[in-house]
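Q: In our numbering, each number is its position in the sequence shown, counted from 1, plus 98.
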Amino acid sequence: MIIAAPILRYMTKQAENIKREAIVYSSLALMLGSGLTVLALTIGLPQFIYPDRLISRPVDFVSAILFIVAFAMIFKKFWHRRDIFSGSLLICILLNIGGQIYMSFSKQLFDIFFDIAHFANILSYCAPVLGIAIQSLQEMRISQRESLRSQQANQQLVASEQQLKATNQQLISNEEERKQSELKFRTLYESSGDAIMLVTADEGFFDCNDATVRLFGCKSKEEFCSKHPSEVSPATQPCGRDSMTLANERMATAVKQGSNSFEWVHQKIDGSDFPADVLLNAMELDGKKVLQAVVRDITERKQVEDRIKSVMAKTERMNKLMMGREMRVIEMKREVNALLAELGRQPQYKSVLKDETVVLSDKAE
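1) If you measure between the beta carbons of A170 and N194, is that distance less than 9 Å?
2) Could you check what DSSP says for R151 in three-state terms: helix, strand or coil?
3) Please state if the CB of I232 and the CB of S82 are separated by a distance shorter than 9 Å.
4) Tell me Q365's beta-bridge partners as DSSP assigns them.
5) Can you grab the Cα-Cα spacing for the pair S204 / F165, in whole Å?
6) Return no unless some Cβ of chain C is closer than 9 Å to the Cβ of K319.
7) Using CA coordinates, which residue listed in I199, A309 and Q206 is at the minimum distance from I147?
8) Please specify which runs of the alpha helix (DSSP H), each continuous and at least 4 residues long, are wholly inside the region 327-412, giving them in chain order.
9) Just to confirm, is the Cβ distance from I199 to D158 under 9 Å?
10) Tell me where the beta strand (DSSP E) around F303 begins and ends.
11) From F173 to L188, what does the alpha carbon distance come to, in whole angstroms?
12) Take the Cβ of V393 as the centre, count every other Cβ of all protein chains shown within 10 Å, and call the residue buried at 16 or more, exposed below.
13) State the Cα-Cα distance for the pair R432 and G338, rounded to the nearest angstrom.
14) Grab me the residues of S459's own chain with a C-beta within less than 8 Å of its C-beta, minus the 5 sequence neighbours each way, in chain order.
15) Check the DSSP bridge columns for V297 and list the partner residues they point to.
16) Let me know the secondary structure DSSP gives Q206 once reduced to three states.
17) With a cut-off of 8 Å, do at least 3 Cβ pairs link the region 329-343 to the region 362-369?
18) For the alpha helix (DSSP H) that contains K319, what are its first and last residues?
19) Out of curiosity, what's the CA-to-CA distance linking R405 and D375?
20) Taking buried to mean at least 16 other C-beta atoms within 10 Å of its own C-beta, is M295 buried or exposed?
21) Relative to the alpha-carbon of F304, which residue among D292, K317, G315 and P327 has its alpha-carbon at the smallest distance?
22) For I270, name the three-state secondary structure that DSSP assigns.
23) Return the Cβ separation of S202 and R155 in integer angstroms, given the expectation that the two are a contact with Cβ distance under 8 Å.
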């Protein structure tokens, strides 16, 4: 039946009228099974046990082969499901295969092969039941989690609907509400601790917040917006490239990719340079492409990095000096041992001799 089930499914899948073909083939399978059952009950069955042969029960061995064929047919489909019940069915078939193989070597009732085979069959009966139970528990847990997620989603949906209603009310509000919204945006824009500016490749800066004015040392926003991006940078960057050319490239990359972040050296109005992290975000404002630039002064971070590098360099030099001193002490000990050897006396520094022995043995190897 395990083999017949996928065959019937394949045959009905290929048919034009699937429902009709399924009924026909299922009826034929039922009639065939009923006929075989009647024949088995009415006709005397031949001998099935041959104690003098290696395979005492060939019918059970054939059953094992059929189980192996069934396992090969359904393994790929069941294995890809990766669920507990499918795994329990595969285990059930494997136990049946083992049971039938052991049964085929049984010479008489209740010998060791017979007992092992029946024990394997009992386990094969328990495997699907246990798989169904575990799978059911797992499905219940999944169902509970999905129910919880559904409740949370419903709550979020209700919150979203409420927010949507509030948004709709704002959209149909009067001009004064729109001005208040713009005022809130401007407040957030101005209250940011980072320097934020709006720039285009053609017009340069056209807006900025107060943090930008303070960072670059300008007197007003108008003074800063009158500058080209290259005018708030030194002539060249640390890489040696021209600031204007490199700035145009970075802006073009941001427009093409949507954003671009990099380190940059800016210059204040008084001519002093400072390192900065720059983030460019492309956006559309009033129907034209603009870039929002966020600039953060990283002078303190760079100073800390320089101090760390300096400490590491000093540590490296100290390590080298200490290693040189250690080597000089070893050489002096070797010279003392050599002079003692010339005088026919025992060497005083045995550790040096051990080190030399290890070195010689290493060379010999």
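Cβ coordinates follow ideal geometry from the N, Cα and C atoms, glycine included.
A: The answer reads as follows:
1) No, Cβ-Cβ distance for A170 and N194 is not below 9 Å.
2) R151 falls in the coil class under three-state DSSP.
3) Residue numbering for the chain in the displayed model covers 99 to 463; residue 82 lies beyond these limits and cannot be assessed.
4) DSSP output for Q365 lists D371 as bridge partner(s).
5) 18 Å
6) Chain labels in this structure do not include chain C; a single protein chain is all it has.
7) Q206
8) 341-355
9) Taking 9 Å as the cut-off, the beta carbon of I199 is found closer than this to the beta carbon of D158.
10) G302 to C306
11) 7 Å
12) By the neighbour-count rule (16 or more Cβ atoms within 10 Å), V393 is buried.
13) 54 Å
14) No answer about S459 holds up, because its pLDDT of 43 lies below 50 and its placement is not dependable.
15) V297 pairs with F303 and L389.
16) coil
17) Result yes; three or more Cβ-Cβ pairs closer than 8 Å.
18) K319 to C323
19) 19 Å
20) Buried is the call here.
21) P327
22) coil
23) A Cβ-Cβ distance of about 5 Å is found for the pair S202 and R155, placing them in contact under the 8 Å criterion.
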